[in-house]
Each structure stands twice: as C-alpha cells, then as structure tokens.
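Chemist:
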Amino acid sequence: MNQPIDPAIQGELDLIQKFTTPGTENLDEALKVADRLCAASPEYANAFIIRSILWAQKGDRQEAALDLEHALSILPRTAEDIQQAACLLIESGNLTVARDLLCELLENEPENAHALGLRGIVWNNLKAHDRAVHDLGAALKKGGDDATLLQHRGIAWNELGHYSFTCSNYRRAIADCSKAMELEPKNADLWRLRGVSWFQIARRAWFGTKNHLQSAIDDYSEAIRLNPNDIDAWQFRALAHWFRLDLDDVIADCTEVLQRNPKHLEALQLRKQAYRRLKRNFEADEDDQAIGRILKSADQHCGSHHCGCCH
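So the numbering used here is basically just the index in the sequence shown, starting at one, shifted up by 81.
Printed below as a string of structure tokens:
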C-alpha cells in the first residue's frame, strides 16, 4: 500500500506538475520549486530525481547527472520507494538506471508483480522484447490482468514478430490486445496496435488475406473514431487499403494524414502512387514536387546546421 505523502511535499509536487504541463509550462519556475523542495526535504530522493529531469529538459546534463547520482545514494531500498523512483526514471528516459534499480529489487523480491511489470516495460523500451515478454507474462500471472501490461506485452509480441517467419507472435499480440480492450475499450492505441498485428498476418498469410486486411481496417477505423488525430492510424489504414487496391480510400486517408502533417513523406509517397495507378498524373506530379521540396529542405538544414541526421 502506498504511504501518504507529506502535504507540504505534495503541494510542491503539484506546483512542479503545473509548471511542466503544456499550456502552463515554465521550466525556470519548476526548477525554483524543485530547489525549494530539495532544500526543505533533503532526504526525499524523488525530489532530486525530479530536479534531475528538469535539468535534463533545460539541457544541463552535468547538473542532471549530479542530482541523479545523489538521489540514488539516498534512495531508501524499500520496494515502494524503488518502484516510485523507477516510474520517474522510465518517464524521463533513464531506462538503464530504472532497469538496474528494478533488478536489485527483484533479486530480493522475485515475486513482486509490480516490479516485474515495470521491468518488462523497461525491457520493451530497451528493445529487449524477449525479456519484456518474460517479465510481463510473470507480472500478469502473479498480479492478474492489467491493461497497461497487456498492451506492452502486445507491443513486445509484435516486435518479436518482425524476426519470426511465422504469424504466431502476431496472434499472441492480438490475444493480449483483445484482453486489454475488455478492460479499456476506449484505448485508441490498443485498437491501432491490434490492427498492426492483423495487417502483419495478412502480409505473411497464404490464405485469408482479405479477411485479415479487413480486420486491420476495422481496428484502425475504431482507433480513428476514438482519436481522429492519430496520424499513424490514418497512415496504417491507407496502407491496408493499398494492399486491397482500394485506391480512392488510400487517397482519402493519406489526405487526412497530410492535413495534420503536410510534410509526412510516407503519406505523400503513397498518395502519389495511388494517383499514378488512377492515371491522375497532375495530382501525382504535385505530390512528387512536394516530396522534392521536403527532401531539399532537409538536405539544406543538414548542410547548414551540421546536425548529423543524414549520416
């Protein structure tokens, strides 16, 4: 059971959240509050983790590293404290530090379902998807169905499917997503993820491709209904329509993507191909020119800023 946080600390945490929320974001003010919290509560390790995150967002890696090192040195080694710290570290992208903390905890408490689930999420983000499946499976077995863990295991199965010559991993992803949907039926990410699994099966299956593609389209459509600004769902549905040669639908979905992101290269390229198939060469040429402008702009940006993104 979570211990209640001191009201004074909670008040400062609420202020930091306010100053790091889009619309009211002010990192300088957030840092001032974090400084005050660290001074008032020098034994509260999460205060230093939070300030480390803020320093990193400001671009000061040295201060961020110092605060993180200090936080880890004073962090109580209780399960609850380690798990709270791990959550903060996962959110901030300090994945290897979170992994090491959770491994330490699980050496002492190998049956801790919450820690297993968190480590599974970390493994997923570190692209160790086989380990993610193992930890998430153990967490679900010990702690019962949890939509977040099921979703992450679905992601892991999908990623493992890329390295497999069979559809079995995608079918497992579908099963996990379906179970998670029973808990969170309005989670658009789950619908999109399951759609991706159906689509991958359709690409690999010898039989039933049309049915699998239709299942993918249906899931993408529900994701779009739940979140009309999900660009990936629009783009993925366009690709599924392409495999069915429903070219007008390809154009419509790609256009939806481009209304939200006019520089989306994949949407421009796919729509251009659909226009070519329909002999609508004028529109295809326009998309081709747009692609050229985007690529030229990217080359100029790399050349003038030495950003290294093209190397």
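Yeah, the Cβ is synthetic: ideal placement off N, Cα and C, and Gly gets one too.
Which residues in the same chain have their Cβ closer than 7 Å to the Cβ of Asn205, if we skip the five residues on either side of it in sequence?
Modeler: Position 124 of the sequence shown, counted from the start, is the residue given in the question as residue 205. Here the set comprises Ala213, His233, Ile236, Ala237.
Chemist: Over what stretch of residues does the alpha helix (DSSP H) that includes Ala89 continue unbroken?
Modeler: Reading the sequence shown from its first residue, position 8 is the one you call residue 89. Its alpha helix (DSSP H) spans residues 88 to 100.
Chemist: The ligand PLP and Arg358: does the residue's C-beta get closer than 7 Å to at least one heavy atom of that ligand?
Modeler: With respect to the ligand PLP, the structure offers nothing, as it holds no ligand at all.
Chemist: Are Ala126 and Cys119 touching if we call contact CB-CB under 8 Å?
Modeler: Locating residue 126 in the sequence shown gives position 45, where the first residue counts as 1. Locating residue 119 in the sequence shown gives position 38, where the first residue counts as 1. No, Cβ-Cβ distance for Ala126 and Cys119 is not below 8 Å.
Chemist: Please state the DSSP three-state secondary structure of Tyr244.
Modeler: Here residue 244 refers to the residue found at position 163 of the sequence shown. Correct three-state label for Tyr244: coil.
Chemist: Tell me which residues share the same chain as Lys260 and place their Cβ nearer than 8 Å to its Cβ, disregarding the 5 neighbours each side in the sequence.
Modeler: The residue given as residue 260 occupies position 179 in the sequence shown. Here the set comprises Asp226, Leu231.
Chemist: Around the C-beta of Phe317, are 16 or more other C-beta atoms found within 10 angstroms, so that it is buried, or is it exposed?
Modeler: Within the sequence shown, residue 317 is the residue found at index 236, counting from 1. Phe317 comes out buried.
Chemist: Determine the direct distance from the alpha carbon of Ser378 to that of His387, and round the result to whole angstroms.
Modeler: Your numbering for residue 387 matches position 306 in the sequence shown. Your numbering for residue 378 matches position 297 in the sequence shown. Here His387 scores only 48 on pLDDT, less than 50, and its place in the model should not be relied on; the value that follows carries that caveat. Roughly 14 Å between the two C-alpha positions.
Chemist: If I measure Cβ to Cβ from Ile332 and keep anything under 6 Å in the same chain, skipping five residues before and after, which residues do I get?
Modeler: In the sequence shown, counting from the first residue as 1, residue 332 sits at position 251. Around Ile332: Arg352, Ala355.
Chemist: Just the Cα atoms here: how many angstroms apart are Ala194 and Ala348?
Modeler: Here residue 194 refers to the residue found at position 113 of the sequence shown. Here residue 348 refers to the residue found at position 267 of the sequence shown. Using only the alpha carbons, I get a separation of about 42 Å.
Chemist: Evaluate Asp270 with the Cβ neighbour count: other Cβ atoms within 10 Å of its Cβ, from every protein chain shown; 16 or more gives buried, anything less gives exposed.
Modeler: To locate residue 270, count along the sequence shown from 1; it is residue 189. With 16 or more other Cβ atoms within 10 Å, it is buried.
Chemist: If the criterion is Cβ atoms closer than 8 Å, does the pair Gly124 and Ile155 meet it?
Modeler: In the sequence shown, the residue the question calls residue 124 occupies position 43. In the sequence shown, the residue the question calls residue 155 occupies position 74. For clarity, residue 124 is Glu in the given sequence; the question names Gly instead. In contact: Glu124 and Ile155 (Cβ atoms closer than 8 Å).
Chemist: Taking C-beta to C-beta, are Leu182 and Ile163 nearer than 8 Å?
Modeler: By one-based count along the sequence shown, residue 182 stands at place 101. By one-based count along the sequence shown, residue 163 stands at place 82. Against a cut-off of 8 Å, the Cβ pair of Ile163 and Leu182 comes out as a contact.
Chemist: Which residue's Cα is closest to the Cα of Ile134: Gln98, Arg325, Arg158, Glu161?
Modeler: On the sequence shown, residue 134 is found 53 positions in, with the first residue counted as 1. Of the listed residues, the one whose Cα sits closest to Ile134 is Gln98.
Chemist: Would you kindly work out how many angstroms separate the C-alpha atoms of Gln281 and Arg132, rounded to a whole number?
Modeler: Counting from one through the sequence shown, the residue named residue 281 turns up at place 200. Counting from one through the sequence shown, the residue named residue 132 turns up at place 51. Whole-angstrom Cα-Cα distance: 42 Å.
Chemist: Check this for me: beta carbons of Leu170 and Val178, under 8 Å apart or not?
Modeler: Your numbering for residue 170 matches position 89 in the sequence shown. Your numbering for residue 178 matches position 97 in the sequence shown. Result yes, Cβ atoms of Leu170 and Val178 sit closer than 8 Å.
Chemist: Is Asn362 helix, strand or coil by DSSP?
Modeler: Locating residue 362 in the sequence shown gives position 281, where the first residue counts as 1. Asn362: helix per DSSP, three-state reduction.
Chemist: If you follow the alpha helix (DSSP H) that Ala145 is in, where does it begin and where does it stop?
Modeler: What you label residue 145 is simply residue 64 of the sequence shown in a count that begins at 1. Unbroken alpha helix (DSSP H) run through Ala145: 142 to 155.
Chemist: With a 10 Å radius around its C-beta and 16 neighbouring C-beta atoms as the bar for buried, classify Arg142 as buried or exposed.
Modeler: To locate residue 142, count along the sequence shown from 1; it is residue 61. That one is exposed.
Chemist: Output needed for Ser173: all residues of its chain with C-beta closer than 6 Å, excluding positions within five of it in sequence on either side, in chain order.
Modeler: Against the sequence shown, residue 173 aligns to sequence position 92. Taken in chain order, the residues that qualify are Ile134.
Chemist: Between Leu112, Leu96, Glu240, Lys291, which has its C-alpha nearest Arg325's C-alpha?
Modeler: For the purposes of this step, residue 325 is taken as the residue at position 244 of the sequence shown. The shortest C-alpha separation from Arg325 is found at Lys291.
Chemist: Taking the C-alpha atoms as reference points, what is the distance between Asn268 and Leu294?
Modeler: Here residue 268 corresponds to residue number 187 of the sequence shown, with the count starting at 1. Here residue 294 corresponds to residue number 213 of the sequence shown, with the count starting at 1. Going by the C-alpha atoms only, they are around 21 Å apart.
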